[in-house]
Amino acid sequence: MPFKNLKEIIVRQDFFSPGHGLCAGCGAAQIARIVMKIAGKNSIMINATGCLEVSTTTYPWTAWKVPYIHVAFENAAAVASGIRAAYDALIMKKKLDKDVNVVVLAGDGGTADIGLQALSGAFERGDRIVYICYDNEAYMNTGIQRSGATPYDAWTTTSPAGQKTLKKDLMGIAIAHRVKYAATATISYLLDAANKVEKALSISGPSFIHWLQPCTIGWRYDPKLTVKLSRLAVKTGLWPLYEHYDGFNKLTVQVPRRTPVLEYLKLQGRFRHIMDNQEELAKIQSYADELATKFGLGPVTE
Amino acid sequence: MGRLPKWNEMQEGFITNTLSESINKTGTWRTFKPIIDHSRCTKCGWCVIYCPEPCISFESSGDGKVVIDYDFCKGCGICAEECPIKCIDMVMEE
Ligand SMILES: Cc1ncc(C[n+]2csc(CCOP(=O)(O)OP(=O)(O)O)c2C)c(N)n1
Ligand code: SF4
Ligand code: SF4
Ligand code: SF4
Ligand SMILES: [Mg+2]
Numbered sequence: 001m002p003f004k005n006l007k008e009i010i011v012r013q014d015f016f017s018p019g020h021g022l023c024a025g026c027g028a029a030q031i032a033r034i035v036m037k038i039a040g041k042n043s044i045m046i047n048a049t050g051c052l053e054v055s056t057t058t059y060p061w062t063a064w065k066v067p068y069i070h071v072a073f074e075n076a077a078a079v080a081s082g083i084r085a086a087y088d089a090l091i092m093k094k095k096l097d098k099d100v101n102v103v104v105l106a107g108d109g110g111t112a113d114i115g116l117q118a119l120s121g122a123f124e125r126g127d128r129i130v131y132i133c134y135d136n137e138a139y140m141n142t143g144i145q146r147s148g149a150t151p152y153d154a155w156t157t158t159s160p161a162g163q164k165t166l167k168k169d170l171m172g173i174a175i176a177h178r179v180k181y182a183a184t185a186t187i188s189y190l191l192d193a194a195n196k197v198e199k200a201l202s203i204s205g206p207s208f209i210h211w212l213q214p215c216t217i218g219w220r221y222d223p224k225l226t227v228k229l230s231r232l233a234v235k236t237g238l239w240p241l242y243e244h245y246d247g248f249n250k251l252t253v254q255v256p257r258r259t260p261v262l263e264y265l266k267l268q269g270r271f272r273h274i275m276d277n278q279e280e281l282a283k284i285q286s287y288a289d290e291l292a293t294k295f296g297l298g299p300v301t302e
Numbered sequence: 303m304g305r306l307p308k309w310n311e312m313q314e315g316f317i318t319n320t321l322s323e324s325i326n327k328t329g330t331w332r333t334f335k336p337i338i339d340h341s342r343c344t345k346c347g348w349c350v351i352y353c354p355e356p357c358i359s360f361e362s363s364g365d366g367k368v369v370i371d372y373d374f375c376k377g378c379g380i381c382a383e384e385c386p387i388k389c390i391d392m393v394m395e396e
């Protein structure tokens, strides 16, 4: 049953506890908390190395109230596959009667770049795991280096004049592996995101969620704006909310009137260097227009 | 916190013996403190769900008002920004 209102999510038990060391206003903390509320007690959490992992598991503490494993930066999907295989074997031998949710939360670096081959293997084998990429569009944990998911023109410490390539299409990569379920999400559309996590958990093969996560440090904005930026990413058309199920794409949140991309970009210090550059702003706007055409979003209204 | 366990003293599965990080009081990070005006609050729950710690909840006793656990609130201001009726004020810590 899909979630119909906020209260149904709030009343779910929390398996992610305060006291973690993620920055004030960190969007990754919001994702971890919501995902755990929905996945629940009967889950195993796997992290790739990154902000979420280092800040929630500082020895001798843990913020996770479920079994948790971290191995390395590049192999979260392979770790999840191993856990899945072990559980499947124990269930087959009747040594366990209860199934578990095998859930990965990995950064964009850990997914789009270094972890891509492990993820491709898990997709290709059809391993029953839920893989969620929390995408803050750079390697934040090590000091804001660009990743394959860094958007065009964004400043990072290793793209000081702005990134000159487009963000990798992770959804396209997942879909090319014929995964049964793949979806985009972001925190400002909470019910949409929650229902996608619920659906991903019910799939019999691998499922993938690409979750856009504003990062106060790397995107250079006032921490109070995390949810607002997440909302603007959708409203500008730069982050279309859709899902892919059984071979078909479906838009899950329509944007009848798009906000100009400038409204999103101007709140972020990482785009400060292009604020007066009409040519670059027009390029990003036309990228949003392209996405809007592809997904059937409405026109821009000032 | 006393001496930390060595690797060979840890529980089976290397489970860290403290159950949660909730002994790590991140409230000390705060510069601005969110104050809820309960006379205006509609108990809609948006602040509860968006708090990244999380440290806002509905009080289980009494009239179920929304309470902030200042031991953990880092003062990010998301609750105040997202409150639909703007009944949370961010005030400078004393
Ligand atoms: C093989 C390897 N290379 C490099 C590192 C250093 N390292 C740790 S986390 C990280 C970046 C993580 O970026 P991302 O996956 O986007 O997660 P984020 O920190 O942004 O949440 C890097 C480069 C490592 N741990 N292992
Ligand atoms: S650097 Fe960004 S992703 Fe990392 S903890 Fe801070 S806000 Fe979160
Ligand atoms: S968001 Fe505002 S109105 Fe809603 S519960 Fe929180 S304080 Fe009350
Ligand atoms: S200021 Fe931030 S950390 Fe503090 S209660 Fe509000 S949302 Fe939570
Ligand atoms: Mg990242």
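Note that the protein sequences, when read in sequence, are chains A and B.
FYI, our numbering numbers position 16 of the first sequence as 16, with every residue one higher than the one before it.
Count along the second sequence starting at 1, add 302, and that's the number in our numbering.
Note that beta-carbon positions come from the ideal geometry of N, C-alpha and C, so glycine has one too.
Classification of residue i by the beta-carbon crowding that lies within 10 angstroms, buried from 16 upward
| i | result |
| --- | --- |
| Met45 of chain A | buried |
| Val285 of chain A | The sequence as given places Gln at residue 285 of chain A; Val does not occur at that position. When all chains shown are included, Gln285 of chain A counts as buried. |
| Val102 of chain A | buried |
| Trp239 of chain A | buried |
| Met171 of chain A | buried |
| Lys224 of chain A | buried |
| Pro2 of chain A | exposed |
| Arg342 of chain B | exposed |
| Thr226 of chain A | buried |
| Pro386 of chain B | exposed |
| Tyr264 of chain A | buried |
Chain-ordered neighbours of residue i on chain A, where CB pairs are closer than 8 Å
| i | result |
| --- | --- |
| Trp331 of chain B | Ala24 |
| Val350 of chain B | Ile10 |
| Ile325 of chain B | Gly19 and Trp61 |
| Pro307 of chain B | Pro60 |
| Thr328 of chain B | Pro18, Gly19, His20 and Gly21 |
Residue i: contacting residues in chain B (beta-carbon distance under 9 Å)
| i | result |
| --- | --- |
| Leu225 of chain A | Gly379, Ile380 and Glu383 |
| Ile132 of chain A | Going along chain B, no residue has its Cβ under 9 Å from Ile132 of chain A, so there is no contact; the nearest lies around 16 Å. |
| Gln305 of chain A | Absent from the structure is residue 305 of chain A, since the part of chain A shown begins at 1 and ends at 302. |
| Arg33 of chain A | Ile351, Cys353, Pro354, Glu355 and Pro356 |
Contacting residues, own chain, Cβ-Cβ under 6 Å from residue i (five flanking each side not counted)
| i | result |
| --- | --- |
| Glu74 of chain A | Ile114 and Gly115 |
| Leu212 of chain A | Asp135, Thr186, Ala233 and Trp239 |
| Leu321 of chain B | Reliability of the predicted coordinates at Leu321 of chain B is poor, the pLDDT of 47 falling under 50, and no value is obtained from them. |
| Val66 of chain A | Phe15, Ser43 and Met45 |
| Leu191 of chain A | Phe3 |
Chain-ordered neighbours of residue i on chain A, where CB pairs are closer than 9 Å
| i | result |
| --- | --- |
| Val368 of chain B | Here the premise fails: no neighbours, minimum Cβ distance about 11 Å. |
Within chain A, the residues that residue i reaches when beta carbons sit closer than 7 Å
| i | result |
| --- | --- |
| Gly347 of chain B | Leu6, Lys7 and Ile10 |
| Lys335 of chain B | The premise fails here: Lys335 of chain B is roughly 12 Å from chain A at the closest Cβ pair, so nothing lies under 7 Å. |
| Lys376 of chain B | Ala24 |
Residues near residue i by beta carbon distance below 7 Å, same chain, minus five either side
| i | result |
| --- | --- |
| Val255 of chain A | Val234, Lys235, Gly237, Leu297 and Gly298 |
| Asp246 of chain A | Lys180 |
| Tyr139 of chain A | Gly109, Gln145 and Ser147 |
Proximal chain B residues relative to residue i, where beta-carbon distance stays under 7 Å
| i | result |
| --- | --- |
| Lys228 of chain A | Glu383 |
| Leu190 of chain A | Ile351 |
| Asp14 of chain A | Pro356 |
Residues near residue i by beta carbon distance below 8 Å, same chain, minus five either side
| i | result |
| --- | --- |
| Leu96 of chain A | Tyr87 and Leu90 |
| Met394 of chain B | Thr333, Phe334 and Lys335 |
Residues with C-beta closer than 6 Å to any heavy atom of ligand 4, in chain order: Result (chain order): B:Pro336, B:Cys353, B:Glu355, B:Cys357, B:Ile358, B:Ile370, B:Cys375, B:Lys376, B:Gly377, B:Cys378, B:Gly379, B:Ile380 and B:Cys381.
Beta strand (DSSP E) runs contained entirely in the stretch 92 to 132 of chain A, provided each spans 3 or more residues: Listed in chain order, the complete beta strand (DSSP E) runs (minimum 3 residues) inside the stretch 92 to 132 of chain A are 101 to 107.
Residues surrounding ligand 2 [beta-carbon distance to nearest heavy atom under 5 Å]: Cβ-based neighbours of ligand 2 within the cut-off: A:Leu22, A:Cys23, A:Cys26, A:Ala28, A:Cys51, A:Asn136, A:Met140, A:Cys215, A:Thr216 and A:Ile217.
Length-filtered (3 minimum) beta strand (DSSP E) runs lying within the stretch 19 to 106 of chain A: For the stretch 19 to 106 of chain A, whole beta strand (DSSP E) runs of length 3 or above, ordered along the chain, are 43 to 47 and 68 to 70.
4 or more residues per run - each alpha helix (DSSP H) lying fully within the stretch 166 to 239 of chain A: Complete alpha helix (DSSP H) runs here, min 4: 170 to 176, 190 to 201 and 226 to 235.
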